[in-house]
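Its first residue numbered 808, the sequence shown is counted upward by one per residue in the numbering used here. Ideal Cβ positions, reconstructed from N, Cα and C, are used throughout, including at glycine. Keep in mind that this is a model prediction, so the values were computed, not measured.
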Amino acid sequence: MNSIVYSDRGITCSVSLLLFPVPAQIYITASTSSPKCCFWLPMTWIPWNTQLRELAKQCQYLEALTLYRQMLRCGSSPNAFSFPFALKSSASLPLPFSGQQLHCQVIKSGCSQEPFVLTSLISMYCKFSSLRNARKVFDENPVSNQLTVCYNALISGYALNSRVFDVITLFCRMREMGVSVNSVTMLGLVPVFSEPGYISVGMCFHCCCVKLGLNLDFSVANCLVTMYVKCGAIEFGRNLFDEMPKKGLITWNAMISGYAQNGLAADVLELYRKMETAGVCPDAVTFVGVLSCCANLGAVSVGHEVEQRIESSRLGLNPFLNNALINMYARCGNLVKARAIFDGMPVKSVVSWTAIIGGYGMHGYGEIAVELFDEMIKSGIQPDGAAFVSVLCACSHAGLNEKGLEYFSEMKMKHRLQPGPEHYSCVVDLLGRAGRLNEALELIKSMQVKPDGAVWGALLGACKIHRNVEMAELAFERVIEFEPTNIGYYVLLSNIYSEAENLKGVLKVRVMMRERKLKKDPGFSYVEYKGRVHLFLAGDRSHPQKKEIYRMVDELEALVKKLAGCKDNEERRNKEALLGMGVHSEKLAIVFGLLNSEPGTEIVVIKNLRMCEDCHLFFKGVSKIVTRQLVVRDATRFHHFRDGHCSCKDYCTKIDLILKLRNLLEACGVPVQLGGCKCNNICSNAVWIPENETESRERADDQPAID
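In structure tokens, the structure reads:
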């Protein structure tokens, strides 16, 4: 129901439009000094154009077109004020045939020269992606060449359809014709240059805004900031942001979202604090950006603070914020809280299910992730590509190989979804972790889409696990075609050569890195304490508590050595110091957490690289010594250490043990192949079968297990 208020001679009438088919009526409530009186009047008492405007304004486009048809049936003739609302409604639905009919009526009524009708026609055809018709309307009307609004409509239409060259050409023609440029022109034009390849063109138009004085317009300045951050030119965007004398909520959100999209999580939190200090009240867009950065940094206390702000702002039912909270808590190591938010959502979208499935998969709880995925399908929600990525990753981390392959097959056959490179990379990783490298390579060769760097990178990572040098070289050659500057792949191949004692190969990789001026990314870890993120590098001695940290590291290493019965690691520590590595960053971060937290408190550490075996053993021992849970999120997954055990079930350590045994047997002249347990050697029941074994594979269960 729509209401229009009239006031005359002390009488205020609230007119409620009841949108029924003809004959329609309206209900009038008159408020005077006398008792309230109510009465009905025919719909025709209110002008047709007023009704059309109200319906279009409230996005009731179908009702607006129905009302327009009523108007024609009642014998009323549309005019220049009727057509813009009808054309807007047709474009928004969208109904191309109805739009063409309206265009014919515009011509018959003689309103084709009216500026508002012209712009409505151009905008309508652009929304239909019928740019030829839009340009035809523009060119065939001599009035259009002199009207800024017509140029603005066509420029916005070209931008909407990503026609960059046409946008620039039309703007140049606009300047040649001497037509004035206003802020609306720039608002329609600048967003089309929000791709990294168009940054130089965008800067040219920024200069144009400065010359015309349009950079002082609040909306144009916001648009320019958004353009720079989307192009990845964060410094330019921040400089413009700082120069703005007045910053509104949209301005802050543009900068915060830009930092978040470019992975600058610490800058997001800094800017969020400044926004609060400036007295600007955040909205849902702000909270989504901040929560994504809390997830990246593991800043759970800041995320909890944001959650409280969401509840106090009465945004608790916003599904986008709930999805962001699920993702944040899951990536910060608090799966219990993430699940509680998920269970409390009245309506769960596919994004909600994907977030919680991905959370369980990241933590290594593949079985629960699979159960949730099946439950989602039973609830009637159709999974999308992102949901399949989450469940395939979960299967890979948990060693659920057959289940993962089953989902991959169902994706194509049952759900009619075409797998993309991201899905193939998950399956390659799944097969590779299980030691089925040949199957993984055949899958890549059979891909219906071109494999990208992630697909070949997954195969290269699997070759590192199983020390397959020949296939690793093939995967490396392919992956650097897509990502020639990704230092991680060079380091991975160098490590493969090093483990195979191929010094020539290691030297070759180092020469390639030197020629391409690539340097290895430093390993770093961070831990949150009292709302502040503390960053540690390998061998870091810049922290104010460095003496206490290193003293406790030495004490814990000595205790772990006694507990595990390890050999003295002094030689290894000296070697690391000579190489400039020092104590690994995750050890420093976890010890800092132990020094500054209450006994029994869970400590969460985020690391940018994969955790090494030595640190993995160290954390297992420390968790038993200090009797509390330690959580480490490395580049691939979460590790939950408690009472001397890890949630990853020592996957990498056991693979290394198995491979060392294989090398020993082969050195003794006993050829062997991987086989046995149906978990594909992720558990401790992996066994070795001689290659000349002719008996059934079921006999593998009789072989002695490697514990």
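Return helix, strand or coil for residue i, following the three-state DSSP convention.
i	result
C1453	strand
S1518	It is not possible to answer for residue 1518, since the shown part of the chain is limited to 808 through 1514.
E1405	coil
H1446	strand
S1332	strand
R1321	helix
M1254	coil
K1053	coil
Q1115	helix
P888	In the sequence as presented, Pro is not what sits at residue 888; that position holds Phe. Coil at F888, not helix or strand.
E1290	coil
A1396	helix
M1278	helix
L900	coil
Which stretch, first to last residue, makes up the alpha helix (DSSP H) that contains residue i?
i	result
H910	P903 to S916
Y932	P922 to K934
E1420	E1420 to I1432
Y1214	N1208 to M1220
F978	V971 to E983
V1412	Unbroken run through V1412 is the beta strand (DSSP E), I1410 to K1414; no alpha helix (DSSP H).
I1188	Premise fails: I1188 is in no alpha helix (DSSP H) and is neither H nor E.
V1158	V1157 to M1169
A1091	A1091 to L1104
Q858	W855 to K864
V1075	A1072 to T1084
G1268	G1260 to H1273
D1236	P1228 to R1240
How many Å lie between residue i and residue j at the Cα?
i	j	result
E1050	A1028	10 Å
L1167	V974	Reading off the sequence shown, one finds Tyr at residue 1167, where the question assumed Leu. Taking the straight line joining both Cα atoms gives about 47 Å.
P1089	L1071	19 Å
V1527	L925	The question about residue 1527 has no answer, for the chain in this structure spans 808 to 1514.
L938	Q920	20 Å
Y1304	L1078	44 Å
I1356	N1302	30 Å
I1410	K1368	22 Å
A1061	D946	36 Å
V1412	D1191	32 Å
K1337	N1403	10 Å
L859	K943	27 Å
P1258	I1272	21 Å
A1279	L1267	5 Å
I1164	L1031	38 Å
G882	A863	22 Å
I1006	L1047	15 Å
Enumerate in chain order the residues of its own chain whose CB-to-CB distance from residue i is below 7 Å, with the five nearest sequence positions on each side excluded.
i	result
F923	A887 and P891
F978	I962 and L996
E1306	R1274
S1026	S990 and L994
C866	none
C1100	A1067, A1072, V1075 and L1076
A1106	L1076, E1335 and V1340
C1486	Any reading at C1486 needs caution, since the residue's pLDDT is 42, under 50, leaving its predicted position unreliable; the model's value is listed next. Correct list, in chain order: G1206.
Can you list, in chain order, the residues of its chain whose CB lies under 6 Å from that of residue i, leaving out five sequence neighbours each side?
i	result
N1130	V1158, S1159 and A1162
C1014	none
N1275	L1244
E1246	L1238
A1145	I1133, Y1136, A1137 and G1166
V1008	F1000
I need the boundaries of the beta strand (DSSP E) containing residue i, first residue and last residue.
i	result
H1341	R1339 to L1344
V950	Looking at the DSSP string, V950 is not in any beta strand (DSSP E), and its letter there is neither H nor E.
R1440	L1437 to R1440
At a threshold of 8 Å, does residue i count as lining the ligand GDP (C-beta to nearest heavy atom)?
i	result
D1259	Questions concerning the ligand GDP fall outside what the structure shown contains, since it holds no ligand whatsoever.
Given that a residue counts as buried once 16 or more other Cβ atoms are within 10 Å of its Cβ, and exposed if not, what is residue i?
i	result
F972	exposed
L879	exposed
G1171	buried
A1365	exposed
T1434	exposed
F904	exposed
T1058	buried
K1054	buried
K1210	buried
D1361	exposed
Within a Cβ cutoff of 8 Å, which residues of the same chain sit near residue i, ignoring the five residues on either side of it in sequence?
i	result
G964	I929, S930, Y932, C933, K934, L938 and A941
S1392	G1330, F1331, S1332, F1343, L1344, A1345, D1347 and K1414
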